[in-house]
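Colleague: In the working numbering, the protein residues as written are 1 to 82.
Backbone N, C-alpha and C define an ideal beta-carbon position, used for all residues, glycine too.
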């Protein structure tokens, strides 16, 4: 079976976010009343797995092994059949 996963990666609370800070400053420069911006990444992963339980285990493993840094990143994902 083919599965699609959207993986959302963001910095854990307490970690500096230079990209988010620069974006917030740029938005303020454009006249928007922005308090804070936090940058995040989204990955779309299409892959094969025997069933949904295995697909869930595989995408979680992909997140832990490559797509995130467990020290500084939080992540969540949405998984569906393709």
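For residue 45, tell me which candidate among 70, 28 and 55 has the shortest Cα-Cα distance.
Modeller: Out of 70, 28 and 55, 55 has the C-alpha closest to the C-alpha of residue 45.
Colleague: What is the residue span of the beta strand (DSSP E) that residue 5 lies within?
Modeller: Start and end: 2 to 11.
Colleague: What are the boundary residues of the beta strand (DSSP E) that includes residue 41?
Modeller: Where residue 41 is concerned, the enclosing beta strand (DSSP E) stretches over 40 to 48.
Colleague: How would you write the range of the beta strand (DSSP E) that residue 81 sits in, first residue to last?
Modeller: Unbroken beta strand (DSSP E) run through residue 81: 73 to 81.
Colleague: Count the other CB atoms within 10 Å of the CB of residue 57; is the residue buried (16 or more) or exposed (fewer)?
Modeller: With fewer than 16 Cβ atoms within 10 Å of its Cβ, residue 57 is classed as exposed.
Colleague: State whether the segment 71 to 79 contacts the segment 6 to 24, with contact taken as three or more CB pairs (one from each stretch) at a distance under 8 Å.
Modeller: With the cut-off at 8 Å, the segment 71 to 79 and the segment 6 to 24 touch.
Colleague: At the level of alpha carbons, what is the spacing between residue 41 and residue 10?
Modeller: Taking the straight line joining both Cα atoms gives about 7 Å.
Colleague: Taking Cβ to Cβ, would you say residue 24 is nearer than 7 Å to residue 37?
Modeller: For residue 24 and residue 37, yes; Cβs fall inside 7 Å.
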